[in-house]
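According to the numbering used here, the sequence shown is numbered sequentially starting from 646.
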Amino acid sequence: MHALKAMNPATGEEGEIIQTIEPYQVEEVMEEAWDAFEDWSSKSVQERVSTLRTLRIYISDHADEIAQSVSWSTGKPKIEALTNEVLVLLDWIHHTERTAVKELKTRKVKTPITLLGKKSYIAYEPRGVVLVISPWNYPFYLAMVPVLSALIAGNAVIIKPSEVTPAIGHLMERIFTAVGFPKGLVQVVQGDGAIGAALVAASPNYVFFTGSVATGKKIQVEAAKRLIPTTLELGGKDPMIVFEDAHLERTVRGAVWGSLANSGQVCMSIERIYVERPIYDKFIARLKRELESLKQNNREDTDLGSMTFAKQIDIVRGQIDDALEQGAVLEFGERPVEWKMKKSMHLRPIVLTHVRHSMRVMQEETFGPVLCIMPFDKEEEVIELANSTTYGLNASVWTNNLERGRRVANALQSGAVCINDVNVSIANPNLPFGGVKDSGIGRSHGSLGLQMFCHEKSIIEDPGRNKGELHWYPYVGKYPLFLRMIQGLYGRNRNYVQFIRAFLSLSKKSR
Ligand code: NAD
């Protein structure tokens, strides 16, 4: 693959041709990254952070242009590109400007009494070259956060954007040049999965991957062969749990937005809706009315955009066909056979009821504008249903009873839970983001978001005035003293006098 052609999935309009590299060129990319790392890693965190202000202002000045470009490349409404990719990124940058120095500062930690007289510190040192591999559904935001986190932590970065949205890779490249990052410090390497694999095989010092479970597992295997640490942000099958006492209008509107934003191509999209039986019929009736009111067109005032990736439509179609064959009822939308006739990337929302957990649509990630609704009777039952997939990225609980909301949130196997809201946890830079089970390994954002791109170096310091240590040679006569010290300090009848006496006797023997 020598070039990628940018394309607007909503209209089919073709854009720029983007050059890719060949796998054999990956070594040169790595070398350039290492050269840039040398100088960049020697700068103070404060100096590195100062670039964020320039970047924030540049992105803010060009927000409309960036939103337009993301919308063109993905088919999502421009307002979604602006709010869910640009605004949240600016929030994150501003937060990081204020917190990075503190997060990455060498910090003193306590030293146990058995190491009396010493001081202990943790220093955060950059890892080296970080590889960021990103997906097509939020091609700007999901690439920028790990790239910037790794940079601020002092690393050089190679970014391999999705081949489905190459224009956004090119856009990021232009932004990095415009704000004056040194040559080679952030390199955008365009190409498909083979280039991603070649980059992993070139042994970067860290891989931050966002994408599907299948690719995540392949990367983890290759990374393990080279002992490369990774963060894997993978797929989801997020449950929404609606209790009888929830604010009905808010809940229905939350269900519609949480399922259909970006045409459902969101890792933490609502993919399963469980509604307490007494309000089940009312919920569906209201939901249909809400769906009828949504606009879907190619203009700026549209609510619903298009799908981004044609292959994703096949996955969605397969799951709906499977569900309909097994007895699911199509409450809203068109049967997949009718989509074929239109050959459009715009999928109308689909509502399925009478779904069961044996259906693929209730187990596998759908990543499309599909709402699957199932009634439940008891809290314990719905918790079990919600936890019964291999995923655990995000979840939401809707109720007026916040105590119950918190109880259910605690019982869900999920990286994040929103109570009476959806998808919003990622927008708070103070909250860690990531999944459990097949939804991933590691976290981004939060206080670990920068630190994970560093080696934590432990430093322990002794004034160096004594000639030896308690546990050094010679051992003669020390065993009973250590035993007395242990029992005095940690035993059933803790006895500090016993501990101190044993400690002093040991000290005498050692110093
Ligand atoms: P994907 O796994 O197909 O591709 C992701 C990236 O990996 C692309 O850049 C691709 O070129 C690259 N790649 C493919 N094969 C590779 C290999 N063998 N080695 C190295 N790189 C390789 O995913 P996608 O279709 O682009 O994205 C959709 C998926 O991403 C969904 O499953 C979605 O849930 C998930 N996702 C997760 C999060 C999260 O934060 N948890 C966010 C967004 C998307």
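Positions of the beta carbon are idealized from the N, C-alpha and C atoms, including for glycine.
- Message: So, under 8 Å CB-CB, isoleucine 813 and proline 784 are touching, yes? Tell me the CB distance rounded to an integer number of Å.
- Response: 4 Å
- Task: Tell me whether aspartate 706 is buried or exposed, calling it buried when 16 or more other Cβ atoms sit within 10 Å of its Cβ.
- Result: exposed
- May I ask you to check if the CB of cysteine 1063 is nearer than 7 Å to at least one heavy atom of the ligand NAD? Outside the cutoff, so no.
- Quick one: is the Cβ of glycine 1087 within less than 7 Å of any heavy atom of the ligand NAD? no
- Counting only the same chain and skipping the five closest in sequence on each side, list residues whose C-beta sits under 7 Å from that of aspartate 709. none
- Message: Helix, strand or coil for methionine 658? Go by DSSP, reduced to three states.
- Response: Position check: residue 658 holds glutamate in this sequence, whereas methionine was assumed. Coil.
- Coarse secondary structure for histidine 892, derived from DSSP in three states: coil
- Query: With 16 other CB atoms within 10 Å as the buried threshold, where does tryptophan 1117 fall?
  - Reply: exposed
- Task: Consult DSSP for serine 1150 and reduce its assignment to one of helix, strand or coil.
- Result: helix
- Task: Give a single yes or no on whether tryptophan 781 has its beta carbon closer than 7 Å to a heavy atom of the ligand NAD.
- Result: Correct: tryptophan 781 has its Cβ closer than 7 Å to the ligand NAD.
- Message: If we require 4 or more residues per run, which alpha helix (DSSP H) segments fall completely within the segment 833–885?
- Response: 838–846, 858–870
- Message: Going by DSSP, what residue range makes up the alpha helix (DSSP H) through phenylalanine 1127?
- Response: 1124–1135
- Message: Assuming methionine 789 is part of the alpha helix (DSSP H), what are its boundary residues?
- Response: 786–797
- Could you give the distance in angstroms between the alpha-carbon of threonine 855 and the alpha-carbon of proline 771? Distance between the alpha carbons of threonine 855 and proline 771: 21 Å.
- Query: How many whole angstroms separate the CB atoms of serine 908 and serine 951, which I take to be in contact at a CB cut-off of 8 Å?
  - Reply: 7 Å
- Task: Verify whether the separation of the beta carbon atoms of isoleucine 797 and arginine 693 is less than 8 Å.
- Result: yes
- Query: Would you say the beta carbon of alanine 1174 comes nearer than 7 Å to a heavy atom of the ligand NAD?
  - Reply: Look at the range of the chain in this structure, 646 to 1156, and you will see that residue 1174 is not part of it.
- Item | Proximity to valine 628 [Cα-Cα], best of Asn1045, Gln957, Leu1047, Tyr1036 | Lying outside 646 to 1156, the shown extent of the chain, residue 628 is not represented and no answer is given.
- Per DSSP, which residues does glutamate 770 bridge with? Please list them. DSSP, once it has assigned bridges, lists His1100 as partnering glutamate 770.
- Query: When we look at the beta-carbon of asparagine 1046 and count the other beta-carbons within 10 Å, is it buried (16 or more) or exposed?
  - Reply: exposed
- Item | alpha helix (DSSP H) segment containing alanine 678, residue limits | 671–686
- If you draw a straight line from the C-alpha of threonine 1011 to the C-alpha of leucine 975, how long is it? Going from the Cα of threonine 1011 to the Cα of leucine 975 covers about 16 Å.
- Hey, out of Thr822, Pro757, Val831, whose CA is closest to alanine 788's CA? It is Val831.
- Which word fits proline 849, buried or exposed, when buried means at least 16 other C-beta atoms lie within 10 angstroms of its C-beta? buried
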